[in-house]
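Read left to right, the sequence shown gives residues 110 to 550 (our numbering).
C-beta: ideal position from N, C-alpha, C; glycine also.
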Amino acid sequence: MTVTTDSTKQQSMPVSKASVSASPSQKEWAIKASPAVGRSKNKIRSVVAGLDLSQSQSDKPLINLGLGDPTVFGLHDPPKVALEAMQDALLSGNANGYLPGTGLKEACQAVADYHKRWDGVEYSAEDVTLTHGTSHALDMCFSVMASPDQNVLIPRPGFPAYGTLLGHVGCEIREYEVLADREWECDLEAMERQIDEKTAFILITNPSNPCGNNMTPQHLKDIVDVAERHKVPIIADEIYGHMHWSEWPFVPLASIAKSAPIVTLSGLSKRFLLPGWRFGWVALHDPLNVAGAVRNGLHAWGNRIMGPNTLVQKSLKRILSETPDSWYDEVTRKLEANAKLAYSNLSVIPGLYCTFPTAAMYLLLGFEIEHFPEFPSDVEFCNALVQEQNLFCIPGASFSIDNHMRLVLAAPSNVLQDACDRLREFCAKHYVALDYASVSL
Ligand SMILES: *Cc1c(COP(=O)(O)O)cnc(C)c1O
């Protein structure tokens with residue numbers, strides 16, 4: 110008796126045309142990534158990839174003022190209540206399951222209460238969507254609010270993730286400038302000129318990364334005026350909200366809008382010093398009820414990946430309502446002292462200039478490139494700074510601004526002082542005075 114195996118049976122079967130053209134043995138692997146990948150490059154990563162941190166010629170220990178992460182130097186411990194609440198949530202055994210995609214109602218309500226207390230804006234739990242970090246909140250808003258045939262306005266210099274995330278949407282990106290000689294206020298005329306009937310939103314970052322400024326109440330009113338005149342909603346990235354030491358208050362955009370929908374983004378990463386917990390949110394302020402499409406879109410988007418992790422959601426109410434005011438003050442005082450130290454040291458170095466940072470945790474340092482002829486751009490400048498001084502700062506190129514570098518202020522004062530001393534030594538070595546003699550040569 111002959112036994113026919115399955116495979117011999119298959120081989121003896123008549124060969125169809127389709128199987129000839131797609132003969133598995135002849136087909137080559139041809140795995141491609143989506144074209145969206147090419148549009149989603151992170152500018153910090155691609156610029157910094159050109160710098161070699163391991164090759165420094167210096168004996169000095171590395172000072173890395175590049176990462177916008179407030180935990181790197183242990184500037185300050187996170188709120189104690191945050192750790193306790195997380196531990197309780199973990200041990201309760203009650204935080205292991207799924208929650209509603211846009212967030213647990215009590216956690217959304219906690220965000221509403223937090224913004225009511227700090228921003229003076231009324232929200233309901235339904236106005237809030239919880240997200241996996243504020244980056245996810247940005248991604249969600251971009252996906253929900255913009256389509257490929259529209260344009261959006263974002264600041265320059267600005268947070269590089271905006272471009273990275275918008276690359277996936279495929280809409281046109283228009284940049285309005287924030288001006289160094291006006292303490293990083295927006296160029297409102299340029300902003301307004303770029304708005305047309307296809308503008309999906311204006312994105313405002315206040316306080317700003319990388320500029321470290323808190324815009325004045327009047328300027329924020331002027332921004333809202335532009336949006337309301339043109340009937341364009343605002344995405345307000347206020348992740349650094351209330352982290353300021355300017356003489357004027359921090360004014361949340363939602364608190365002054367009369368008609369424009371304001372989509373406010375915030376989270377635990379910066380003000381609460383917990384970026385690794387990956388927790389953020391979107392709060393929609395819609396005074397005239399004209400943004401129902403955005404509200405529905407956010408709810409739909411929240412349900413795509415079932416929201417951020419349950420442990421933090423169950424802890425959120427305590428984190429937001431029980432963190433003592435004195436804790437926020439301590440963090441701000443440290444950042445303010447660092448801003449003063451860095452500004453007083455750096456603003457007097459020949460060839461460098463900056464405005465005094467009044468918020469967030471950055472100083473955007475300009476240099477007069479004509480006085481440093483060895484370096485064609487800020488990328489080479491920052492690279493030489495690593496080679497000679499083992500000091501790392503992110504070049505302005507990552508934020509779309511020439512001849513600048515960003516310093517993170519969330520380091521202990523002795524480390525910052527050391528960084529300033531290294532910059533002084535570096536500049537003294539490379540600075541070339543431009544006098545009549547050298548110009549006429
Ligand atoms: C850090 C930062 C964020 C987002 O941070 P997450 O870690 O994703 O919460 C968003 N916007 C700006 C301007 C930032 O600096």
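May I have the straight-line CA-CA distance separating residue i from residue j, to the nearest angstrom?
| i | j | result |
| --- | --- | --- |
| P257 | I311 | 16 Å |
| L199 | S132 | 53 Å |
| A204 | V156 | 40 Å |
| E534 | Y349 | 32 Å |
| K136 | S143 | 21 Å |
| H408 | K169 | 51 Å |
| K379 | G389 | 10 Å |
| H339 | V333 | 10 Å |
| L420 | M195 | 6 Å |
| K214 | T467 | 35 Å |
| I313 | A270 | 14 Å |
| S121 | S134 | Legend: pLDDT at S121 = 48, less than 50; position of this residue unreliable, no value from coordinates given. |
| D296 | P342 | 18 Å |
| E489 | N512 | 10 Å |
| L262 | Q166 | 42 Å |
| L525 | N447 | 7 Å |
| E50 | S364 | There is no way to answer for residue 50, as the model of the chain reaches only from 110 to 550. |
| I153 | S453 | 27 Å |
I think residue i touches residue j, with their Cβ atoms under 8 Å apart; what is that distance to the nearest whole Å?
| i | j | result |
| --- | --- | --- |
| L461 | L450 | At roughly 15 Å, the Cβ-Cβ gap does not stay under 8 Å, so L461 and L450 are not in contact. |
| P316 | A469 | 4 Å |
| N260 | Y471 | N260 to Y471, Cβ: 28 Å. No contact. |
| D395 | P361 | So it is not a contact: roughly 15 Å between Cβ atoms. |
| W227 | H351 | 6 Å |
| I510 | R265 | 7 Å |
| L374 | D346 | 5 Å |
| K443 | L184 | 6 Å |
| V287 | E281 | At roughly 20 Å, the Cβ-Cβ gap does not stay under 8 Å, so V287 and E281 are not in contact. |
| W354 | E292 | W354 to E292, Cβ: 14 Å. No contact. |
Which stretch, first to last residue, makes up the alpha helix (DSSP H) that contains residue i?
| i | result |
| --- | --- |
| A309 | Looking at the DSSP string, A309 is not in any alpha helix (DSSP H); the run it does join, the beta strand (DSSP E), is 308-314. |
| D527 | 522-539 |
| V421 | 419-431 |
| N405 | 401-411 |
| V360 | Run containing V360: none; DSSP gives neither H nor E here. |
| P384 | Here P384 belongs to no alpha helix (DSSP H), and DSSP marks it neither H nor E. |
| A336 | 326-339 |
| I414 | Segment: none, I414 is in no alpha helix (DSSP H) and carries neither H nor E. |
At which residues does the beta strand (DSSP E) containing residue i begin and terminate?
| i | result |
| --- | --- |
| M514 | 513-517 |
| N203 | Premise fails: N203 is in no beta strand (DSSP E) and is neither H nor E. |
| D346 | 343-346 |
| S375 | 371-376 |
| S390 | One detail in the question is off: residue 390 reads as Trp in this sequence, not Ser. Here the beta strand (DSSP E) through W390 covers 389-394. |
At a cut-off of 6 Å, is residue i close to ligand 2 when judged by its beta-carbon and the heavy atoms of the ligand?
| i | result |
| --- | --- |
| N318 | As far as ligands go, the structure on display features ligand 1 and does not contain ligand 2. |
Quiz item: Just checking, does the segment 219-239 make contact with the segment 410-427 on the three C-beta pairs under 8 Å criterion?
Solution: yes
Exercise. Decide if the segment 472-491 is in contact with the segment 533-540; the criterion is three or more beta carbon pairs, one per stretch, under 8 Å apart.
Key: yes
Quiz item: Touching or not, the segment 177-192 and the segment 424-433, by the rule of three or more beta carbon pairs under 8 Å?
Solution: yes
Quiz prompt | Length-filtered (4 minimum) alpha helix (DSSP H) runs lying within the segment 426-500 | solution = 434-455, 487-498
Quiz item: With contact counted as at least three CB pairs below 8 Å, one residue from each stretch, are the segment 515-523 and the segment 164-183 in contact?
Solution: yes
Quiz item: Where in the segment 181-236 do unbroken runs of the alpha helix (DSSP H), each at least 4 residues long, occur, reported from the N-terminal end onward?
Solution: 189-201, 214-228
Practice problem: Let me know the alpha helix (DSSP H) ranges lying completely inside the segment 248-317, each 4 residues or longer, listed in chain order. | Solution: 270-278, 297-303
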